[in-house]
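Residue numbers 1 to 113, in the UniProt record's numbering, belong to the letters of the sequence shown in order. All C-beta atoms, glycine included, are put in the ideal place defined by N, C-alpha and C. This report refers to the structure that appears directly beneath it.
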Amino acid sequence: MSNYLRDRAIGDRIRTARKRKGVTLRDVATEMGISVATLQQAETGASTLSVQRLADVASVLGVPACYLTADLPVAEISDDEAEMLRALRALPPEGRAYVHRIAIDAAAGRIAR
């Protein structure tokens, strides 16, 4: 599994646990002593939390630390594909729509190679 996909899966679990507890990003970030942006980036897989921070967020959310990392799915995506996904997700919505149209047209043979 690429690091990005692992980070994304962990982020999804953080978000799920946070929503189940009914707390905001700000609530959790404040209790952890980190910025909202740092926690938000962790939830989206854009950045990685240290092992200590993962333990801290698990404690704040009232879940075992292993909940965040256990049984992560095996990825069937290459590092190149993960890099493309990171770049795509960094684009604004109109940029993503543009790249999506180009990819669809290229896959359908409507763009010269």
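| Check | Outcome |
| --- | --- |
| A65 vs L5 beta-carbon contact at 8 Å | no |
| Selection from V57, V51, N3 that minimises the alpha carbon distance to S35 | V57 |
| Cut-off 7 Å between Cβ atoms - residues of its own chain near S59, not counting five sequence neighbours on either side | none |
| Outcome for G45 when other beta-carbon atoms lying within 10 angstroms are tallied against a minimum of 16 | buried |
| Contact belief for L68 with L54 at Cβ below 8 Å, rounded distance in angstroms | 6 Å |
| Enclosing alpha helix (DSSP H) for A46 [first to last residue] | Element bounds for A46: n/a, residue is neither H nor E. |
| Exposure label - I111; buried when at least 16 CB within 10 Å | exposed |
| Residue from D7, D79, D12 whose Cα sits closest to the Cα of V51 | D7 |
| Cβ neighbours of S47 in the same chain (closer than 8 Å, five flanking residues each side left out) | D7, T38, Q41 |
| Cβ-based burial, G62 [other Cβ within 10 Å; buried from 16] | exposed |
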